[in-house]
Amino acid sequence: MPHFLDLFLTELQEKRDAFRRRLTGEESTTLDGLLKKAFQKEWRDLPQEKSNDLRVIAVDSGRSTREYTPGSFMYICRASAITSWGQTYRRISSNAHMITSTREQLIDLASIRSEHIEHQVALEAVQEASNVDLILLDGSLYGRITHVPIAFNYPGERDLYLRYMQTFMQLLEECRKRKILILGISKDSVARHLTRILLESLKTGILKDFTPALSAPESDQLAQLFDIEQKQSLSARSMVKGLPLSSEQKELIWDFLHELRRPRPDFSLIYAWAETAGFTTPIEPYPAVPLFKYESKDPAAYVRRRFVNAYNDYDHEEDFEQWAIPVMKDFFQISTFVTFCAKLAHNDTPMRIDMPAFSAGLPTRISQLSTSRLLDPPPARIAEVLGILRSEYGGLELYNVYLVKADQEARLPMSDVRTLYEPLIEKELKIPLIPKRRERRVRHA
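Rendered as structure tokens:
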């Protein structure tokens, strides 16, 4: 058979059950019944659609990277802010470097630059327009503070993370001062905020139920294994086998330990168990990265340790520090965020919605939060947000009328790079551009 389909069919049949479980998110473990019940308690009905005559700005970006035979690469990023009153704001950022890092770091550089110009074009639109009610950004707001800020190893870009954080904080502050609602909408999310909170709640119940049958040392060992912060030891299974519990109880414990090590994304729970349109109980998440826990007490030391290379882009060290250290200090005091998932139609896929905590009436800063928490009952602003998003929903192919339009404006297909941008570069610079052989194969496929 062509395309290896005969071999693939054989393998698919051999792994039928595993494929089905993993592609649907339904693991069919002893734990699933408990987790499903806990999830359904946090799945809520949607509020009524809200009539929408708001002044809206929607922002998205597109990017592309190319590698060339001398060992160089180029990125092109462009961002668009479209408005409900018909005005469009645009930004582009591009650069070329000799490759001095892994391909993953090149992609990371282009991604951060792309989001950076989203902040810039959103700021431009907000500062120029009047009476803005709502800003929509494609992608997570909370996710933008979970990057670990470090210097890129490329001239002129070594301080990019700091500039990225600065413009993001400026945008949030502008929204706070002007009372503008700002939302991040993620169509594809692998965040596990709700899953982790549900597992933590289940852990408490399991320990309470099992403790009477265990000795004090056995109870302590089980509690340590259940600690999400602890790495599970290779002897965990043998320890569980030795507990004076039934085989069903032991299986539940082992399923639980397995889930702790590799929690399912929140979207996976929704795909499996949310049978109606609705939304999850909002969460105020505490960043899993250790940055805020261990580094926030000394922003100056962090800058000097993590941005050593960035000093090379400045004539005087003190110029860099006088700017960078206050940025880092402000970043460690940034607002927390509220995040939740929603399905706006029963047959649609979920989306994740983020908003700064101050927009939900919660004046919490990251430094004041020590753990993630469910917001039950949800802040009143959540119903307003969902009502607005329902009014901007156009069906399965049009999850948000404004963001879809922004995406169409900013998207940068590789065909545009090959047929428009590269010929322009060759003409202006009077040089040939020779893509790496791997990219030439893709080009002529």
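Plus 598 on top of the position in the sequence shown (first one is 1) and you've got the numbering used here.
Note that CB positions come from ideal geometry on N, CA and C, so glycine has one too.
Predicted, not measured: the structure shown is a model, and the values here were computed from it.
- [ ] Measure the Cβ-Cβ separation of D736 and V657 and say whether it is below 8 Å.
- [x] Here residue 736 is taken as the residue at index 138 of the sequence shown, counted from 1. Here residue 657 is taken as the residue at index 59 of the sequence shown, counted from 1. In this structure, V657 lies closer than 8 Å to D736 by Cβ.
Task: C-alpha gap between H745 and C773, whole angstroms - done: In the sequence shown, residue 745 corresponds to position 147, counting from 1. In the sequence shown, residue 773 corresponds to position 175, counting from 1. CA-to-CA, the gap between H745 and C773 works out to about 22 Å.
TODO: Please report the residue range of the beta strand (DSSP E) in which I884 lies.
DONE: Taking the first residue of the sequence shown as position 1, residue 884 is located at position 286. Residue identity differs from the one stated: residue 884 is Tyr in this sequence, not Ile. Looking at the DSSP string, Y884 is not in any beta strand (DSSP E), and its letter there is neither H nor E.
- [ ] Report all residues from its chain with a CB closer than 7 Å to the CB of R979; omit the five preceding and five following residues, and keep chain order.
- [x] Indexing the sequence shown from 1 puts residue 979 at position 381. In chain order, S957, A958, G959 place their CB closer than 7 Å to the CB of R979, counting only its own chain and leaving out the 5 sequence neighbours on each side.
TODO: Please state whether DSSP places E873 in a helix, a strand or coil.
DONE: Within the sequence shown, the letter at position 275 stands for residue 873. Per DSSP, reduced to three states, the secondary structure at E873 is coil, with no helix or strand assignment.
Task: Simplified DSSP assignment, three categories, for A940 - done: As a first step, residue 940 is located in the sequence shown; it is residue number 342 there, counting from the start. Strand at A940.
Open item on the list: Between the region 856-868 and the region 789-801, can you find at least three pairs of beta-carbon atoms closer than 8 Å?
Closed with: The answer is yes - the region 856-868 touches the region 789-801, with three or more Cβ pairs under 8 Å.
Task: Residue closest to P863, alpha-carbon to alpha-carbon, out of D786, D928, N910 - done: On the sequence shown, residue 863 is found 265 positions in, with the first residue counted as 1. Comparing Cα-Cα distances from P863 to each of D786, D928, N910, the minimum goes to D786.
TODO: Could you work out which residue in D952, Q1006, S968 is closest to A940 when comparing CA atoms only?
DONE: By 1-based counting over the sequence shown, the position of residue 940 is 342. Comparing Cα positions, the closest option is D952.
Open item on the list: Ignoring anything shorter than 3 residues, give me the beta strand (DSSP E) runs that lie fully in the region 706-790, in order along the chain.
Closed with: If we require 3 residues or more, the beta strand (DSSP E) runs fully inside the region 706-790 come out as 732-736, 779-784.
Task: Boundaries (first-last residue) of the alpha helix (DSSP H) holding R614 - done: Within the sequence shown, the letter at position 16 stands for residue 614. From DSSP, the alpha helix (DSSP H) with R614 extends over 614-622.
TODO: Tell me whether W683 sits in a helix, a strand or coil according to DSSP, three-state version.
DONE: Along the sequence shown, one-based indexing puts residue 683 at 85. Here W683 sits in coil by DSSP.
Task: Counted within 10 angstroms of its Cβ, other Cβ atoms place W641 as buried (16 or more) or exposed - done: Numbered from 1 along the sequence shown, position 43 holds the residue referred to as residue 641. Its Cβ being crowded by 16 or more others within 10 Å, W641 is buried.
Open item on the list: My assumption, with CB atoms under 8 Å, is that S699 sits in contact with N751. Please give the rounded CB distance.
Closed with: Locating residue 699 in the sequence shown gives position 101, counting from the first residue. Locating residue 751 in the sequence shown gives position 153, counting from the first residue. Confirmed, about 6 Å.
Task: Buried or exposed (CB count within 10 angstroms, at least 16 for buried), I932 - done: On the sequence shown, position 334 is the one that residue 932 refers to. Burial call: buried.
TODO: With DSSP collapsed to three states, give me the class of T878.
DONE: Numbered from 1 along the sequence shown, position 280 holds the residue referred to as residue 878. The answer is strand: DSSP assigns T878 an E or B state.
- [ ] Mind listing, in chain order, the continuous beta strand (DSSP E) runs of no fewer than 3 residues lying wholly within the region 899-981?
- [x] 935-941, 949-954
Open item on the list: How far does the beta strand (DSSP E) with V654 in it extend, from its first residue to its last?
Closed with: The sequence position of residue 654 within the sequence shown is 56, counting from 1. V654 -> beta strand (DSSP E) spans 654-666.
Open item on the list: Relative to the C-alpha of V1002, which candidate in A679, D630, K634 has its C-alpha closest?
Closed with: Position 404 of the sequence shown holds residue 1002. For the residues A679, D630, K634, the minimum Cα distance to V1002 belongs to A679.
Task: F671 - DSSP class collapsed to helix/strand/coil - done: Residue numbering aside, residue 671 sits at position 73 when the sequence shown is read from its first letter. Reduced to three states, the DSSP call for F671 is strand.
Open item on the list: Would the region 703-718 count as touching the region 755-765 if we require 3 or more Cβ pairs under 8 Å?
Closed with: yes
Task: Inter-residue Cα distance where the pair is E771 and T627 - done: Mapped onto the sequence shown, residue 771 falls at position 173. Mapped onto the sequence shown, residue 627 falls at position 29. Those two C-alpha atoms are separated by around 46 Å.
Task: Any C-beta of chain D under 8 Å from that of Q1006 - done: Absent from the structure is chain D; it holds one protein chain and no more.
Open item on the list: Quick check on DSSP: helix, strand or coil for R862?
Closed with: Numbered from its first residue, the sequence shown carries residue 862 at position 264. Here R862 sits in coil by DSSP.
Open item on the list: Can you look up R835 in the DSSP assignment and give me helix, strand or coil?
Closed with: Counted from its first residue, the sequence shown places residue 835 at position 237. R835: helix per DSSP, three-state reduction.
TODO: Could you tell me how far apart the beta carbons of L758 and L797 are, in whole angstroms, since I believe they sit closer than 8 Å?
DONE: Start at 1 with the first residue of the sequence shown, and residue 758 comes out as number 160. Start at 1 with the first residue of the sequence shown, and residue 797 comes out as number 199. Wrong, their Cβ atoms sit about 36 Å apart, outside the cutoff.
Open item on the list: Going by DSSP in three states, R794 sits in which element: helix, strand or coil?
Closed with: As a working note, residue 794 is residue 196 in the sequence shown. For R794, the three-state secondary structure derived from DSSP is helix.
Open item on the list: Please state whether the Cβ-Cβ distance between L800 and A908 is less than 8 Å.
Closed with: The sequence position of residue 800 within the sequence shown is 202, counting from 1. The sequence position of residue 908 within the sequence shown is 310, counting from 1. Not in contact: L800 and A908 (Cβ atoms no closer than 8 Å).
- [ ] Would you mind reading off the limits of the alpha helix (DSSP H) that contains S894?
- [x] Residue mapping note: residue 894 aligns to position 296 of the sequence shown, counting from 1. Note, S894: premise wrong, no alpha helix (DSSP H); not H, not E.
- [ ] Buried or exposed for S659, please, with buried defined as at least 16 other CB atoms from any protein chain shown within 10 angstroms of its CB.
- [x] Working through the sequence shown from its first residue, we reach residue 659 at position 61. It is buried - the Cβ of S659 has at least 16 other Cβ atoms within 10 Å.
Task: Spatially closest choice to L984 from T937, L1010, Q1006, S1013, by CA coordinates - done: Working through the sequence shown from its first residue, we reach residue 984 at position 386. The residue with the shortest Cα to Cα distance from L984 is T937.
Open item on the list: Which same chain residues end up closer than 7 Å to E1007 when comparing Cβ atoms and leaving out the 5 residues on each side of it in sequence?
Closed with: The residue given as residue 1007 occupies position 409 in the sequence shown. Excluding residues within five positions, the ones whose Cβ falls inside 7 Å are S678, I680, T686.
Task: L632: first and last residue of the uninterrupted alpha helix (DSSP H) it sits in - done: Sequence index remark: in the sequence shown, residue 632 carries index 34 (1-based). Here the alpha helix (DSSP H) through L632 covers 628-639.
- [ ] Can you tell me which of the three DSSP states A1043 falls into?
- [x] Translated into positions along the sequence shown, residue 1043 becomes position 445. Note that A1043 has pLDDT 39, beneath the 50 cutoff, so the model's placement of it is unreliable and the number below is only indicative. Three-state DSSP puts A1043 in coil, outside helix and strand.
Task: Residues sharing a beta bridge with P1033, DSSP - done: Looking up residue 1033 in the sequence shown gives position 435. P1033 has Y666 as its beta-bridge partners, per DSSP.
Task: Alpha carbon of A922 to alpha carbon of S894, nearest angstrom - done: One-based indexing of the sequence shown puts residue 922 at position 324. One-based indexing of the sequence shown puts residue 894 at position 296. Those two C-alpha atoms are separated by around 14 Å.
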